[in-house]
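Step one of this worksheet: look at the structure below.
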């Protein structure tokens, strides 16, 4: 018995494209003499389809696409995820299902029972949970089918669910388990995935074939890394990250359990690759090729530019250097040096004249009032407007360069440096941006050393430094991490040894700046808690604010 | 037996403020000799607290607040909603509960079973559903407690749930049912609420005391309209909309069922009042007083200005008139006339010089390329930057003036006219904006007639009209309504008699402009399907696009 896993990059709602890709891999699997080929969760329509699922037209198209896959299943078994209409009037209208199809027929359907409804997941919004579970037989083997979260209720200290599908399925004594997943990347997710699979084989003592989607869907990045695990807990195979591919496994070899292979795991290297995947798919799937961004000479825009150039190529990245009267010479020099290193088109546009034109109009209204954040923001918005003008004229998507630390505390200008179609570093803390920069420079100096070593500054007023208004980033990031990722309250963070006044000030800044994050671009998610769909906070409220 | 309903306006996370308000009304209810006083769903912490619920610090503060209410319950019974920690490790960490407290003790807790997880609701994200149901006895009466959605599974053609709490509770033969709700406004919601209550009393033959929260929480507007319904279906009392108040009811009178009173219902009048409530609370709860907006002479900004002035007062609304070289004289005149009618501060700032300063910088880069949407957007962004400068300098929140029709098809400039902290008309179709304008003018001409009757135009290029790029708004709005509110697919809309090419073009525009809506301000929700949290669409996808 040979089982193929095809970890593919689907496009949400592109039924023709998804069917044609799935069919192509069905044929490849047949050529490789596979008995079964396993695709991913909701492979037919892409994951997450969100509220498209509420359109009966969308579901009808999905059903038609599934019929085409069924026709293509002659001589092989195809396992893939698709939505199923709930035939009962009570409850949600759909199930999230895995289909077992062979020889032109749907042989078995198993619905998903554990519907993730936390962080970025909304599955209870659309799906009714399964209440019935059964295995199927194929070529003399008994197989248990599961969908993603259905195997994640084992090995957690605080299980989110009160039921456990495999506890029921295992009573039918399956020979192995297949899982189709759409499990998004975060920098600690690959380890977790292996731990959960290990906890499952420890409990159920059968091999697992775990197939995960790959590729980015707006902010969510699916890393692939599909796993075949033997019943003894050996990792028979961990497939590549961020790569669309298919591999074929011999069940007898998996059962022997004498192969153990695991990919090296490094947070920063994974974040680097994930972001490149995220940019590439955001552009590619929208049908765009070219990016633009502002290069300040600072580390955030430098790292963003490198990520963009590595994702899209030098020909497709353009940068503007837009010094103000407060910009230092070395900022422009550092930015220019980076553009030359990356071999990307750059232009220098000084913003003072446009800033002055604004102040001519505003001066009378602002008479007697000091230069303050208003004038700082005007500079940032002049830059945003210039970048958007290039974006509109030449079709380059503007990349937002803000990091997670500054987005957290609201250190950025709405419609200014917070503008852009995609936030590249919005889930990367400043301290991690430094690590990324050093990782980028590991073989040669791509980012000018000065951009990394100089004190961070927005350069929006004379001699401004980030440290004028913010604590050191290593302290700031620690506090933010405890609040955002770990959801600790002020007292818990203070008890870790942080200054009480500082903790309260930082948490307040995070909460009162929710209105800015509400209006910023989707953030490529690389952590377990990114800003955006996965973190839903009131704008109007009075908690820690 | 006297039952008081207090429909109050809570502030999310403001435990001190909420406790003090609830205590004040407990005392008022005691003075009025009420035996029971009923507050709303999650009254203790405000609804919806969203991911604040994931902070154990937040829950600890909520528990402390509940203790204070418990202390205040001497001599009266208090019914109110609060989160409860789930004592079992499996499942979600919380319940959404209604508490029955009297004489310093929690006498009964009933958890919510039906957890809305659709549109703007995310309750499965936080709460475990109740599986146990029981009534309580108080002063010789048997009472069934329910939370909001728990009574909404009756009278629907397509029930979302497979269980029905009152089917179980009714077996204990309660004398009446209390429901604590946080049920947000939409212009058809008050009718639906009465229908659902009617369906409940028809089925269970007992009186209902239904208490709804009031006031806006960012985009969600709670309209109050609490209801006492007799067992015979008579509406004993429908309390006022959008008003914080308490009323006391005599149970014997309710049981008699000889009073029937219902408020008049008019969609446009309700939308008008809801928007005023939304603006007032957005500002008041954030601690801001003053608004600013751009007045173009067109109908959208005119209606927005009136709403702002009615919510905040003439002294607190300031407008900028920012004509470009393409603005007609009458635009400025109409805007000026409105500002004078509303007695609000206005300034005229011509944008041509700033626009020219941008073009000086960009001209070389754009050589040989025609004037197009790029230059139109620059004008809109100059206006956005000027408005934000006033916002930053003087602390006025910028109001967004875009209507639902143009937000739907992407007819607006990101960081330009799509800027602002709150979208006032983003859930009001253009045809409804006309109706609102006429409603505003019903007694006297507040909005200059010319702003209503002239053909809509963005005035960003010579002789531009909305009708150059969009169909007539009555046709556009019909198609949008079928797609957005009714979630019809293209063929279904075409089958209603619309032009196939036009339908496909419109639906495509809606879908490809998701990226713009992702970055616009929270939209005051007045319909059953508003842009924002209640409509979650992929940005990257290929469905109808």
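Protein chains in written order, with my numbering: chain A, 131 to 675; chain B, 131 to 675.
By construction, the Cβ of each residue, glycine as well, lies at the ideal position given by its N, Cα and C atoms.
- When C-beta atoms of the segment 562–582 of chain A are compared with those of the segment 429–443 of chain A, three or more pairs fall below 8 Å, so the two segments count as touching.
- The Cβ atoms of residue 607 of chain A and residue 559 of chain A lie closer than 8 Å to each other.
- Nearest CB-CB separation between residue 247 of chain A and chain B: below the 8 Å threshold.
- Those residues of the segment 493–504 of chain A placed with their C-beta closer than 8 Å to a C-beta in chain B are 495, 496, 499, 502, 503, 504, ordered along the chain.
- No Cβ-Cβ contact shorter than 8 Å links residue 515 of chain A with residue 254 of chain B.
- Straight through space, the alpha carbons of residue 667 of chain A and residue 155 of chain B are spaced by roughly 29 Å.
- Sequence-ordered contacts of the segment 176–189 of chain A with chain B read 176, 178, 179, 180, 181, 182, 184, 185, 186, 187, 188 [C-beta pairs closer than 8 Å].
- At least one C-beta of chain A is nearer than 8 Å to the C-beta of residue 292 of chain B.
- Residue 551 of chain A places its beta carbon 8 Å or farther from that of residue 441 of chain A.
- Look at the segment 407–421 of chain B: the residues with a C-beta under 8 Å from a C-beta of chain A are 411, 412, 415, 416.
- At a cut-off of 8 Å between C-beta atoms, residue 630 of chain B does not count as an interface residue with respect to chain A.
- A distance below 8 Å separates the beta carbons of residue 315 of chain B and residue 656 of chain B.
- Take residue 410 of chain A, set aside five residues on each side of it, and the residues of its chain with a beta-carbon closer than 8 Å to its own are 346, 441, 442, in chain order.
- Residue 231 of chain B carries a strand assignment under DSSP once its states are collapsed to helix, strand and coil.
- When DSSP states are grouped into helix, strand and coil, residue 208 of chain A belongs to the strand group.
- In the DSSP assignment, residue 269 of chain A falls outside any alpha helix (DSSP H), carrying neither H nor E.
- Not a single CB atom of chain A sits nearer than 8 Å to the CB of residue 536 of chain B.
- Think of a sphere of 8 Å around the beta carbon of residue 650 of chain A: the chain B residues whose beta carbon falls inside it are 649, in chain order.
- Contact of residue 580 of chain B with chain A by beta-carbon distance below 7 Å is absent, the smallest such distance being about 27 Å.
- For residue 503 of chain B, the three-state secondary structure derived from DSSP is helix.
- Chain order gives the chain B residues near residue 549 of chain A as 544, 545, where near means a beta carbon separation below 8 Å.
- Beta-bridge annotation (DSSP): residue 274 of chain A is paired with A:307.
- Against chain A, the CB of residue 477 of chain B has a partner CB under 8 Å away; the residue lies at that interface.
- In the DSSP assignment, residue 564 of chain B falls within the unbroken alpha helix (DSSP H) covering 560–570.
- Contact of residue 673 of chain A with chain B is assigned, a C-beta pair being separated by under 8 Å.
- Along the segment 611–623 of chain B, the positions whose C-beta sits under 8 Å from a C-beta of chain A are 617, 618, 619, 620, 621, 622, read in chain order.
- Here the alpha carbons of residue 415 of chain B and residue 208 of chain B stand approximately 26 Å from one another.
- Residue 347 of chain B has B:350 as its beta-bridge partners, per DSSP.
- In this structure, the alpha-carbon of residue 480 of chain B lies about 5 Å from that of residue 453 of chain B.
- Along the segment 347–416 of chain A, the beta strand (DSSP E) occurs as fully enclosed runs of 3 or more residues at 350–353, 357–359, 365–368, 375–380, listed in sequence order.
- Counted as a single uninterrupted DSSP element, the stretch harbouring residue 448 of chain A is not any alpha helix (DSSP H) but the beta strand (DSSP E) occupying residues 447–451.
- Pairing residue 405 of chain B with residue 261 of chain A, the inter-Cα distance amounts to about 44 Å.
- Using beta-carbon distances, residue 518 of chain A counts as an interface residue toward chain B, with a partner under 8 Å.
- Contact annotation for residue 202 of chain B against chain A: no contact, minimum CB-CB distance about 21 Å [criterion: below 8 Å].
- Not a single CB atom of chain B sits nearer than 8 Å to the CB of residue 385 of chain A.
- Non-local C-beta neighbours of residue 249 of chain B in its own chain, meaning closer than 6 Å and more than five positions away in sequence, comprise 664, ordered along the chain.
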